[in-house]
Amino acid sequence: MAPPAPPARPTPLHPHAAGVVIAVGVCAALHVGKLAPAVTALQAALGLTLVQAGFLLSLVQGAGMLLGLVLGGLADGLGARRSMLLGLLVLAAASAVGGSVAGVPALMACRLAEGFGFLLVVLPAPGLVRALVPPARATAMLGLWGAYMPLATALALLLGPLCIATLGWRAWWWALALLTLAAAALLQRAVPAPTHGTAGGPQRLPLALRLRLTLGAPGPWWVALCFAMYSAQWLAVIGFLPAIYTQAGVPTAALGALTALAAASNIVGNVAAGRLQERGVGPGRLLGPGFGVMGGAAALAFADLGLPPWARYAAVLAFSGFGGFIPATLFAQALRVAPGPQAVATTVGWVQQGSALGQFAGPPLVAWVASQAGGWQHTGLATAAFALAGLAGSVLLVRHVQALGSGGR
Numbered sequence: 006m007a008p009p010a011p012p013a014r015p016t017p018l019h020p021h022a023a024g025v026v027i028a029v030g031v032c033a034a035l036h037v038g039k040l041a042p043a044v045t046a047l048q049a050a051l052g053l054t055l056v057q058a059g060f061l062l063s064l065v066q067g068a069g070m071l072l073g074l075v076l077g078g079l080a081d082g083l084g085a086r087r088s089m090l091l092g093l094l095v096l097a098a099a100s101a102v103g104g105s106v107a108g109v110p111a112l113m114a115c116r117l118a119e120g121f122g123f124l125l126v127v128l129p130a131p132g133l134v135r136a137l138v139p140p141a142r143a144t145a146m147l148g149l150w151g152a153y154m155p156l157a158t159a160l161a162l163l164l165g166p167l168c169i170a171t172l173g174w175r176a177w178w179w180a181l182a183l184l185t186l187a188a189a190a191l192l193q194r195a196v197p198a199p200t201h202g203t204a205g206g207p208q209r210l211p212l213a214l215r216l217r218l219t220l221g222a223p224g225p226w227w228v229a230l231c232f233a234m235y236s237a238q239w240l241a242v243i244g245f246l247p248a249i250y251t252q253a254g255v256p257t258a259a260l261g262a263l264t265a266l267a268a269a270s271n272i273v274g275n276v277a278a279g280r281l282q283e284r285g286v287g288p289g290r291l292l293g294p295g296f297g298v299m300g301g302a303a304a305l306a307f308a309d310l311g312l313p314p315w316a317r318y319a320a321v322l323a324f325s326g327f328g329g330f331i332p333a334t335l336f337a338q339a340l341r342v343a344p345g346p347q348a349v350a351t352t353v354g355w356v357q358q359g360s361a362l363g364q365f366a367g368p369p370l371v372a373w374v375a376s377q378a379g380g381w382q383h384t385g386l387a388t389a390a391f392a393l394a395g396l397a398g399s400v401l402l403v404r405h406v407q408a409l410g411s412g413g414r
């Protein structure tokens with residue numbers, strides 16, 4: 006069965022509008038990744054504990070964990086462009102205030118507000134990207150969109166330590182607030198407002214009906230499960246790499262580059278998955294290796310096996326790189342299993358809710374395991390459990406997609 010029709014195209018169509026949408030998503034995701042390079046500075050300035058750091062890493066996902074589905078439905082109602090603009094303004098305000106707080110509870114509240122803004126930006130973006138490009142290029146562009154989070158994480162890990170070392174963590178928060186305001190201005194200029202009522206454009210359904218349609222379809226559940234299992238392990242490993250390498254005595258000059266490269270390797274996997282899907286490679290042939298390599302590579306990277314540092318780091322690169330197969334594949338499948346064009350952002354919201362649950366639970370769980378074990382050597386046990394659950398979910402998802410392809414919706 007053909008995937009659902011995209012939402013009504015904005016008119017006139019800007020040739021670079023889809024790229025701007027992806028860039029804006031990267032800007033929004035910088036607020037998720039900005040904390041990882043600041044953990045050590047926050048521990049010194051605010052007395053942050055390791056478990057508190059885990060919650061701060063994931064608390065920005067609290068809004069998505071609780072309200073991703075509802076916010077996705079609201080984004081469908083607002084329209085993609087307006088939802089993204091509103092989200093950028095919320096992000097800018099929360100980051101500006103967060104850079105001025107004096108304690109951990111206030112910083113946590115700002116992180117939660119950033120979560121709301123982040124969702125308003127990223128939930129409608131995949132559907133908008135697909136609407137802005139020719140159908141033949143949609144899958145490849147969604148592969149690029151799937152890289153928005155690792156690209157933002159890599160940039161945060163590369164630029165954050167430099168800014169924090171010279172100007173402090175507060176300046177890092179304020180700089181991202183200003184960048185987000187600039188992104189809002191760019192989006193408003195580059196992506197024209199949609200023309201409603203265009204022939205062939207889908208009519209908007211009531212929010213309650215969009216929610217019921219999404220939750221009543223099995224496909225969004227399987228995509229959400231897979232995304233939860235992926236995001237739990239990826240954010241836990243990549244988010245704590247700066248702290249792990251600092252404890253291991255890695256020089257500060259190399260710290261940012263090593264962690265940024267680990268995050269950036271995920272981009273390669275995302276782009277490759279988009280290209281492979283464009284050439285007809287099915288989701289099962291991408292999700293299986295993705296989850297399998299993530300589980301095995303994390304065990305090699307952290308287990309006390311006597312491996313040399315370069316081998317452990319190569320395992321981290323494999324963990325992140327092959328893991329990139331997963332989000333690019335899942336974003337494409339989320340649009341395919343959506344119950345209709347009116348519920349695309351609602352479906353992505355449910356998927357984001359699963360992703361947020363994984364990102365919320367993964368870092369604190371891994372931090373707790375490390376605290377109990379007195380080190381990071383058992384991290385692979387937690388990530389292996391996530392990987393096995395992800396493999397099981399991917400089998401169910403592939404069966405559902407095959408049923409859709411044979412007219413089994």
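To convert a position in the sequence shown, counted from 1, into our numbering, add 5.
We put the beta carbon where it would ideally sit given N, CA and C, even for glycine.
If you're wondering where the values come from, they're calculated on a predicted model, not measured in any experiment.
Leu396 is positioned such that its CB atom lies no closer than 8 Å to that of Phe324.
From the listed residues Ala265, Gly293, Gln407, Leu191, the smallest Cα separation to Val29 is found for Leu191.
Going by beta carbons, Gly77 and Leu128 fall inside the 8 Å limit.
With respect to the C-alpha of Leu184, the residue from Val126, Leu35, Ala141 having the closest C-alpha is Leu35. For Pro155, same chain residues with a beta-carbon under 6 Å away, outside a window of 5 residues either side, are Ala268, Asn271, Ile272 in chain order.
Cβ neighbours of Pro369 within its own chain (closer than 7 Å, five residues either side excluded): Val56, Gly59, Phe60, Ser63. Here Thr144 is buried: its Cβ has 16 or more other Cβ atoms, across all protein chains shown, within 10 Å. Within the model, the alpha-carbon separation for Ala316 versus Phe245 is close to 18 Å. In the structure shown, Pro313 falls within a coil segment according to DSSP collapsed to helix, strand and coil. It is roughly 34 Å from the alpha-carbon of Leu124 to the alpha-carbon of Leu305. DSSP, read as helix, strand or coil, puts Pro199 in strand.
In this structure Ser236 is buried. Its beta-carbon is surrounded by 16 or more other beta-carbon atoms within 10 angstroms.
At the C-beta level, Gly165 and Trp177 come within 8 Å of one another.
Distance from Ile169 to Ala41 at the Cβ level is roughly 11 Å; contact not present, criterion being Cβ atoms closer than 8 Å.
The DSSP-derived three-state label of Gln382 is coil.
In terms of Cβ geometry, Arg135 and Thr351 do not form a close pair [threshold 8 Å]. Three or more beta-carbon pairs separated by less than 8 Å link the region 282–293 to the region 330–349, which places the two stretches in contact.
In this structure, the CA atom of Ala49 is about 13 Å from the CA atom of Ala248.
If you ignore the 5 residues before and after Phe365, its C-beta comes within less than 7 Å of the C-beta of Ser63, Gln66, Gly67, Met70, all in its own chain and listed in chain order. For Gly379, the number of other beta carbons within 10 angstroms of its own is below 16, and it is reported as exposed. Val406 and Val342 do touch by the CB rule: their CB atoms are close to 7 Å apart, below 8 Å.
Across the set Ala262, Leu230, Ala141, Thr384, the C-alpha of Thr384 shows the shortest separation from the C-alpha of Val371. Straight across, the Cα-Cα distance linking Gly84 with Val109 is about 35 Å. Inter-residue distance for Leu312 and Ala259 is about 20 Å (C-alpha atoms, whole angstroms).
Take Gln193, set aside five residues on each side of it, and the residues of its chain with a beta-carbon closer than 7 Å to its own are Leu90, in chain order.
The straight-line gap separating the alpha-carbon atoms of Ala389 and Ala302 is approximately 9 Å.
The beta carbon of Ala159 sits closer than 6 Å to the beta carbons of Ala265, Ala268, Ala269 from its chain, once the five residues preceding and following it are set aside; these are given in chain order. In this structure, Cys115 sits near Gly103, with a CB-CB distance shorter than 8 Å.
Per DSSP, Thr158 is one residue of the alpha helix (DSSP H) stretching across 153–172. Nearest Cα to Ala187 within the set Val349, Ala33, Trp227: Ala33. Pairing Trp381 with Leu51, the inter-Cα distance amounts to about 24 Å. Annotation for Gly359: Ala229, Leu230, Phe232, Ala233 place their beta carbon closer than 7 Å to its own, counting only its chain and skipping 5 residues before and after. Its Cα nearest to that of Gly148, the residue Glu283 stands out among Tyr318, Glu283, Gly410. Membership of Thr334 in the alpha helix (DSSP H) is indicated by the continuous run 330–342.
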